[in-house]
Structure formats: C-alpha cells, structure tokens
Amino acid sequence: MLPESKIIGGDARSRAMLLSALYIAQEQYGWLSPEAIQRVADRLNLRPGQVYSTASFYTMFRMQPQGQYRIQVCEGLSCYLVGGAEPFLDHLIKTLNIQPGETTPDGKFTLEVVQCLAACDYAPAIKVNDELYGDITFERLDELLAELAAK
Amino acid sequence: MFEPVLTQNIHRPDAEKITTYLANGGYQAARKALTEHTPEELIDIVKRSGLRGRGGAGFPAGVKWGFMPKDPQLQKIVAVNTDEGEPGTFKDRQIVERDPHQIIEGVIIASYAVGASRAYVYIRGEFFLGVKRWIKAIADAYEYGYLGKNILGTGFSLDLSVHRGAGAYICGEETAMIESLEGKPGNRRMKPPYPAQTGLFGFPTLVQNIETLACIPHIRSRGAEWFAGIGTEQSKGPKIFSVSGHVKRPGNYELPLGIPLSEIIYEHAGGMWSDRKLKAIIPGGASTPVLTADQVDTPMAFETLEAAGSQLGTGAIVVMDESTCMVEAARRTTKFFAHESCGRCVPCRIGSVRLYEILDRIEKGKGLAEDIDQALYLAEQIDGRTFCPMGAALVNPARSTILKFRQEYEYHITHKKCFTSRN
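Quick mapping for you: the protein sequence lines, in order, are chains A and B. Residue numbers for the first sequence follow my numbering, beginning at 2 and rising by one. Residue numbers for the second sequence follow my numbering, beginning at 9 and rising by one.
The structure is reproduced here in structure tokens:
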C-alpha cells in the first residue's frame, strides 16, 4: 500500500478540502464575500476564480449576505400534494414583506424556495437554517416566526 | 412471513449508538467476513445474492465489485453515496440518522472485498443531522477497533471520513460525486473510463449507495441464498420504499422486492388519505415515468416496472389522488430538473428550461395548441443526448404524463385554465 501522502498529491489534497473550507468561511463571514473567497484561495493555494466557480455551483453556498434565519420552503411534489409549497410561501411573503431570495431590512430573515428536502414523510416541510420542520401548518409557521423574531 | 432486516433497529431507543448496534449482533458479519473469507469469496457471495444497486440504476453490486482491479499494489477507494436527492426519496436519510453502523459494517466488508484501504462518505449537504450521526458513528467505530489500522487483529486497515456536499442533485451521479469529493463543481465525467478504473484522485473507486451497503452485513450473516430467496427473478432482497403524497401513513416501508404496489399503498401506507380515488403513482422517484391507477397491482421490481413502462429507481413512491392536476405534477418536477441541470450538456441545460416553460404556460392556461407536441419533440431531443442519465430522467415527468393524461393537457389549452381550484 502507498502511504497516505502519496495517495493524494499536495495540490489535489488542498483542492479536496475546498468544500469544507467554504463551509468554514461561510460560518465565519456569514456569506462568501469576495474577501472570504480570497482568503480560502490563499489558504488552499488556489486561484479565487477556481474557488468562486466551485462555490457558485452549489446552492448551499451563499454568494450574498444572509439574514440571521434562513427560512427555506420546500416546493417539491410531495409537499405540494399535501397542501405545502406556495400557500406557505405566499404566507411568508406577506408576513415578512419580502420576496424569495430577499432578506428583511432588519437582517433577521431570508426567504428561500428549495427543492425536495428528503423529508416527504413529514410533508409539508420547511427548513430554518439547519433545522428541519415537518407537518407544517399556518399556525405552526406563525408560532415559529414569533419565536424566532423574539430571539 | 417477511421480516425486515435493514430497518430492524431503527425504532429502538438510541438506535444510532454503537452500543445499541453491538448489543443487537452488530459487527459480527464484518468480523466473520474478515476472518473467515477471502475477498474473492465475498465478491462471489454478493454476486450470488443477486443484490442490485439501490441508488436508482440497479446495477448488480457483485459485478461492480468484480470490476475493481485485483493488483494488491494499487491503492483502491470505496466511496459511499449518501447524496440522496431524488424527489420523493427519504430512505437513506433515515438509515444514516437511525442506523449508521449498519452502513459502516457494509463499508468494511466491501472495502476488504475490493482491497480498498480508504473510504469516503459523501453526504448531501442538507442532511445536517445525518452529517453529525456519520461523524459520531465513525469516531465510535475507530474507538471500538472496527476502523483504522489492523482491524480486529486481521491485518486489514481502513480509514473512513465524511465529506459534506453542498446542494447539487447531480452529485448523486457517481462521477459527479467523485468530482465533488475532489473539491470541484459536480460536473460528471465521461465514461469510460469507469470509476473502477480511474475514480477518485485517479484511483480505482467503488461507488455504492448506502442502502446497497446496508444489505451487505445481512447477506454475509444470513447467506446469499437467503437474500436471493426474497424477491423476483431479477430483483432480489428487501427494499426500503419511501411512500409519500396522498396516503394516510407516509413513511419508509421495508418490504420484499416484487411486492405489488397496491399492497404497499393500501396495506402498509394506510391507503388513500381521503375518500378520493387513486389517479396516478410515481413508482421510483420523480425521474421515473408515472403509472396510472389501473397499473397499481404492478409488482415493485426492476423488470416488472420496466415492462409497465417505468422504473424502480430509488423505490420512492409518490401517490396522487384524483384531485391532482398531472400538468402541475409534471411542471413542478420539471422545474426541479431545470434547476438542477449542471449545465454541461446543451440538451439538458437549455432543453429542461424550455420544457418547463411549455408546461408552465399550459398549466397557467396560456398554452398553445402545438405545445403538447412541441413538449414531446423536445423530450425526444433531450433523451439520450446528454453525457449523464439526467437527460433521460428529466423528460420522464412531462413525457409520461402527456402520454397517459393527454386529455388533461388538452383541457388546459382549450379551456385556458386548470381544472383544479388550486392552480
């Protein structure tokens, strides 16, 4: 067997860390600002263009500033079938007074539409940051918003 | 009487812990595999079991293992596909969250069989709990001596680590997943060379879905004959079916392959959620062609679903009652694919968007008389003209609903509106 250092060469090794590094940078900066991209590029010995092209490929990397709570509404078929998707999205658009992709002026909430969250057994489902909420109703949604707004 | 094995532990308290797994006979199969078998014997057992990949394509697992080069000097890799993203599918999420050690045990046996000393888990970025469970399970497996150097004193060593994806459906395709593991955008590679020849970092790589790997310890413990005794001629073993949509009890149900779709819907998932009649079923995830209500007795197996004009896919069943607009179902699913196209191949990148636009205007009552044929023509131009199977997949919702529910499309165009109140 080859020793580990021979398995992955220096360049490939740092390149393979890119997604992890982007998660860390996003955590620290809140989003992948040009400064964050540059810093990741410097640390991994990559060009900023390489970092940007990879980051922008994936939907979980945020290329704009984000609110404190990212509310993601699933618009997948299974959520739609049981009354989810647009009704909740419309409700949030009205309540938060922002469109999908936008952030409230106080920086509290960002609203997003997402595809299947692999939670069809809990449909309709939404996600707030990394937390999944299933069997959503309008009442639960309002409670959740009030709870997050008070935090 | 069929007895679930893949999901036998998931309802236990603390099911995800290594102590729970060990208390219920866990890691015995890996111990026996490493101490009592040669790698060739294990590949032969998996071949004889008839196990086919559970990630969607259904390729025979043992054959895939056999493709890996035998040269012991060559570094080999096992890549564990936990990038579950096919709409309607949520089986892998549950296995990872509730029984990660079962998969690790499968990884150990697979790695030993193909001579890999390095394994990587690629997990869908959205599976936050799953990531945590994977990391903890791997750390515990190292601590108990099931991973690392000289496992169980056998001289076999294996390192396993977790890599988190970041939201891209295409990374469930094995070569795109490899690209992503290398820290690149998930643009799939040309095949050949296959990953078994040139995979991750250029090394021969075996990529397997986690449900496939979860079958391995049970095949070792209970025998290839036991596994091959379940199912149909060409579809062997237990399978986890994710059921969602208009049923009373959506959820994961582990059942033998070949079980009639109707039995899953009416007996296991509790039947239709309202008094409304069944209209259509997607049998294997959003990319598989829709079945009509009169096909509900189709056995859930690779060959029978293919004969019925669809596919087993991931075994994710989406049930739709008579209130569902099939144009809307197709529109919504096609939107997903248009969003997820990686952009590499023109027919998929542009075609998916054009197809979505046609469905969108039909659904909104703005469809033109020629739109239905235009959509079918587009589907033919996309299918089979892309590097990866996504082209063939993305046309299925539109094409199958047009072929089976054409009158609904015509209604939208003639009446300039949808027949349901919802849209």
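By construction, the Cβ of each residue, glycine as well, lies at the ideal position given by its N, Cα and C atoms.
If you drop the 5 nearest sequence neighbours on each side, which residues of the same chain put their C-beta closer than 6 Å to that of residue i?
i	result
D12 (chain A)	none
L149 (chain A)	Y70
I8 (chain A)	The predicted position of I8 (chain A) is uncertain, since its pLDDT is 48 and thus under 50; a value taken from the coordinates is nonetheless stated next. Excluding positions up to five away in sequence, the list is empty.
F345 (chain B)	S360, L402
T213 (chain B)	I85, A87, P203, G207
P307 (chain B)	G266, P268
C121 (chain A)	S79
In whole angstroms, what separates the C-alpha of residue i from that of residue j?
i	j	result
I273 (chain B)	L263 (chain B)	12 Å
Q242 (chain B)	K55 (chain B)	12 Å
P66 (chain A)	I94 (chain A)	19 Å
N130 (chain A)	P77 (chain B)	43 Å
Y128 (chain B)	I186 (chain B)	10 Å
L269 (chain B)	A277 (chain B)	11 Å
A37 (chain B)	P193 (chain B)	37 Å
E5 (chain A)	A41 (chain B)	Residue placement at E5 (chain A) cannot be trusted, given a pLDDT of 47 that sits under 50; what the coordinates show is reported in the next sentence. Taking the straight line from one Cα to the other gives about 25 Å.
I99 (chain A)	E233 (chain B)	59 Å
G93 (chain B)	G321 (chain B)	12 Å
F139 (chain A)	V41 (chain A)	41 Å
P106 (chain A)	I72 (chain A)	15 Å
D329 (chain B)	F135 (chain B)	30 Å
V16 (chain B)	A87 (chain B)	Per the sequence shown, residue 16 (chain B) should be read as Gln rather than Val. One C-alpha to the other measures close to 25 Å.
C80 (chain A)	D283 (chain B)	20 Å
E371 (chain B)	Y419 (chain B)	10 Å
H347 (chain B)	E76 (chain A)	12 Å
K152 (chain A)	D143 (chain A)	14 Å
I248 (chain B)	A119 (chain A)	14 Å
A69 (chain B)	G58 (chain B)	8 Å
T394 (chain B)	A387 (chain B)	12 Å
G153 (chain B)	R106 (chain B)	21 Å
P432 (chain B)	A400 (chain B)	With chain B covering 9 to 431 only, the question about residue 432 (chain B) has no answer from this structure.
T55 (chain A)	I127 (chain A)	26 Å
P12 (chain B)	L97 (chain A)	46 Å
N260 (chain B)	I289 (chain B)	16 Å
Mind pulling the chain B residues with CB within less than 8 Å of residue i?
i	result
P53 (chain A)	Contrary to the premise, residue 53 (chain A) reads as Tyr rather than Pro in this sequence. The contacting residues do not exist; Y53 (chain A) stays about 11 Å from chain B at best.
D131 (chain A)	F136
L20 (chain A)	H171, R172, G173, A174, S188, G191
Y24 (chain A)	R172, A174
Find the residues of chain A that neighbour residue i, judging by a C-beta separation of less than 7 Å, and give them in chain order.
i	result
K247 (chain B)	Under the 7 Å cutoff, chain A gives no residues; its nearest Cβ is about 16 Å from K247 (chain B).
T470 (chain B)	Any answer about residue 470 (chain B) is impossible in this case: the structure gives chain B only from 9 up to 431.
E190 (chain B)	A13, R16, A17
E92 (chain B)	A119
R101 (chain B)	A119
H254 (chain B)	L82
Which partner residues does residue i have in the DSSP bridge list?
i	result
K244 (chain B)	B:G239
L155 (chain B)	For L155 (chain B), which the question treats as bridged, DSSP gives no partner whatsoever.
R340 (chain B)	The partner list for R340 (chain B) (beta bridge, DSSP) is empty, contrary to what the question assumes.
Y24 (chain A)	DSSP lists no partner for Y24 (chain A).
P264 (chain B)	B:P246
K192 (chain B)	Note: K192 (chain B) sits in no beta bridge, so no partner.
N217 (chain B)	B:N89
I290 (chain B)	B:V326
I131 (chain B)	B:T90, B:R172
Y29 (chain B)	Looking at the DSSP assignment, Y29 (chain B) forms no beta bridge with any residue, so it has no partner.
P68 (chain B)	B:R60
Starting from the C-beta of residue i, find all residues in its chain whose C-beta is less than 7 Å away, skip the five residues before and the five after it, and write them out in chain order.
i	result
L3 (chain A)	Caution applies to L3 (chain A), whose pLDDT of 43 falls short of 50 and renders its modelled position unreliable; the value that the coordinates give is listed next. None.
R20 (chain B)	T28
S252 (chain B)	G96, P258, V326
Please go through the same chain and pick out, in chain order, the residues whose beta-carbon is closer than 8 Å to the beta-carbon of residue i, but skip the five residues on each side of it.
i	result
W142 (chain B)	T90, V104, P108, V129, I131, V170
L32 (chain A)	Residue 32 (chain A) is actually Trp in this sequence, not Leu. Cβ neighbours of W32 (chain A) beyond the five flanking positions: R63, M64, Q65, P66, Q67.
G63 (chain B)	N89, G180, Q216, N217, E219, T220, T322
T7 (chain B)	Nothing can be reported for residue 7 (chain B), as the shown portion of chain B is limited to 9 through 431.
Find the residues of chain A that neighbour residue i, judging by a C-beta separation of less than 9 Å, and give them in chain order.
i	result
T394 (chain B)	Near T394 (chain B) there are no residues of chain A at all, since even the closest Cβ is about 18 Å away, more than 9 Å.
V326 (chain B)	L78, S79, L82, C121
G207 (chain B)	Those do not exist, as G207 (chain B) stays about 12 Å from chain A at its closest Cβ, beyond 9 Å.
P258 (chain B)	S79, V83, C121, D122, Y123, A124
R340 (chain B)	E76, G77, L78, Y81, A86
F344 (chain B)	E76, G77, L78, Q116, C117
For residue i, which residues in chain A fall below 8 Å Cβ to Cβ?
i	result
T332 (chain B)	L82
S250 (chain B)	C121, D122
H347 (chain B)	Q116
Just to make sure I have the definition right: I need the residues of chain B whose C-beta is within less than 7 Å of the C-beta of residue i. Which are they?
i	result
F139 (chain A)	What F139 (chain A) touches in chain B: nothing, since even the nearest Cβ is about 16 Å away.
Report the neighbours of residue i on chain E: residues whose CB is nearer than 7 Å to its CB, in chain order.
i	result
F62 (chain A)	Here chain E cannot be found, since the structure's protein chains are A and B.
Would you mind telling me which residues of chain B sit closer than 9 Å to residue i, beta carbon to beta carbon, in chain order?
i	result
Y59 (chain A)	G133, G173, A174, G175, A176, C179, S188, P193, G194
In chain order, what residues of the segment 281 to 298 of chain B put their CB closer than 9 Å to some CB of chain A? Those would be W281, I290, A294, in chain order.
Using Cβ-Cβ distances below 8 Å, what residues of the segment 147 to 159 of chain B are close to chain A? none
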